[in-house]
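Asker:
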Amino acid sequence: GNSVTQMEGPVTLSEEAFLTINCTYTATGYPSLFWYVQYPGEGLQLLLKATKADDKGSNKGFEATYRKETTSFHLEKGSVQVSDSAVYFCALSDWGIQGAQKLVFGQGTRLTINP
Amino acid sequence: KAGVTQTPRYLIKTRGQQVTLSCSPISGHRSVSWYQQTPGQGLQFLFEYFSETQRNKGNFPGRFSGRQFSNSRSEMNVSTLELGDSALYLCASSPGTGGGEQYFGPGTRLTVT
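As structure tokens, then:
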């Protein structure tokens, strides 16, 4: 079945450092790809998405490009802030019969930014 | 628009009991999905409902069930609770068509003792 693999965490960076969180996927067809973020005690927030190959999703300084040739969707940010500390999840949409859909998630990467 | 709401936010139950969790989707969204989040297994899909019909189901035992009402609100029920059912249960809504993004509620933290 479809699956998502994220880089192992936790990741600790200093403020203003460059961030990359790797994500690769295995899927039949052409799923949409997502990054979600989860702050302590909260649900998941959609950070960005890409629906087809070569699409670049971006939001709040974060970017990710849908790379079909490498089956990757790496998350990047040029200059992180303390407020970016959270758990980040890469996900793909898995479509079933009758248009039923579910999200398949990676294991999550905990990011800590030190001032 | 108001976001996805879930009630209750926290719940403590004992083994063998049953529990019902509630979810109200974003207005206009017809699809509601449920996920279980645990430190060991991560985020796992439970089921998805669209217009009161279950369209998709994850690999969970029959003790886990759900339903959706005509106003798109959804409930999930877990019967004969086990210690391993302790988790954060997340509800997500979406229009049911389109790019596949889902919008999550804050979750219900269930603790089974």
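If you're matching them up, the sequences are chains D and G in order. Residue 31 in our numbering is what sits at position 31 of the first sequence, and the numbering runs on without skipping anything. Start counting at 1 in the second sequence, then tack on 1000, and there's your number in our numbering. Built from N, CA and C at the ideal position, the CB exists for glycine as well. Since the structure is predicted, the reported quantities are computational estimates derived from the model, not experimental observations.
Please determine if the region 1015–1027 of chain G and the region 26–38 of chain D are in contact, where contact requires at least 3 C-beta pairs separated by less than 8 Å.
Answerer: No: the two stretches stay apart, fewer than three of their Cβ pairs being nearer than 8 Å.
Asker: Using CA coordinates, which residue listed in D:15, D:47, D:8 is at the minimum distance from residue 83 of chain D?
Answerer: Nearest option by C-alpha distance: D:15.
Asker: Output, in chain order, the set of chain D residues within a Cβ distance shorter than 7 Å of residue 1102 of chain G.
Answerer: Ordered by position in chain D, the residues that pass the 7 Å Cβ test against residue 1102 of chain G are 103.
Asker: Name the residue from G:1027, G:1088, G:1063 whose alpha carbon lies nearest to the alpha carbon of residue 1044 of chain G.
Answerer: The shortest C-alpha separation from residue 1044 of chain G is found at G:1088.
Asker: Compare the C-beta of residue 109 of chain D with all C-beta atoms of chain G and state if any pair is closer than 9 Å.
Answerer: Answer no: the Cβ-Cβ gap between residue 109 of chain D and chain G never drops below 9 Å.
Asker: Can you give me the Cβ contacts of residue 115 of chain D inside the same chain, cut-off strictly under 7 Å, excluding the 5 residues immediately before and after it?
Answerer: So the list reads 15, 82, once near-sequence residues are dropped.
Asker: Pull the bridge partners of residue 1003 of chain G from the DSSP assignment, please.
Answerer: DSSP output for residue 1003 of chain G lists no bridge partner at all.
Asker: In or out: residue 108 of chain D buried (at least 16 other Cβ within 10 Å) or exposed?
Answerer: So residue 108 of chain D counts as buried.
Asker: Should residue 1112 of chain G be counted as a contact of the ligand ADP given a C-beta to heavy atom distance under 8 Å?
Answerer: Because no ligand of any kind appears in the structure shown, any question about the ligand ADP cannot be addressed here.
Asker: Distance, Cα to Cα, residue 76 of chain D vs residue 25 of chain D?
Answerer: Approximately 17 Å, taken between the alpha carbons.
Asker: Name, going along the chain, the residues of the region 1022–1040 of chain G whose beta-carbon falls closer than 7 Å to a beta-carbon of chain D.
Answerer: Residues 1033.
Asker: What would DSSP say about residue 94 of chain D, mapped onto helix, strand or coil?
Answerer: Looking at residue 94 of chain D - three-state DSSP - the assignment turns out to be strand.
Asker: Taking only the alpha-carbon atoms, compute the straight-line gap between residue 1059 of chain G and residue 1046 of chain G and give it to the nearest angstrom.
Answerer: C-alpha separation (whole angstroms): 7 Å.
Asker: Just checking: is the beta-carbon of residue 1004 of chain G within a distance shorter than 9 Å of some beta-carbon in chain D?
Answerer: Yes, because at least one Cβ of chain D sits closer than 9 Å to the Cβ of residue 1004 of chain G.
Asker: Are residue 78 of chain D and residue 6 of chain D touching if we call contact CB-CB under 9 Å?
Answerer: Result no, Cβ atoms of residue 78 of chain D and residue 6 of chain D do not sit closer than 9 Å.
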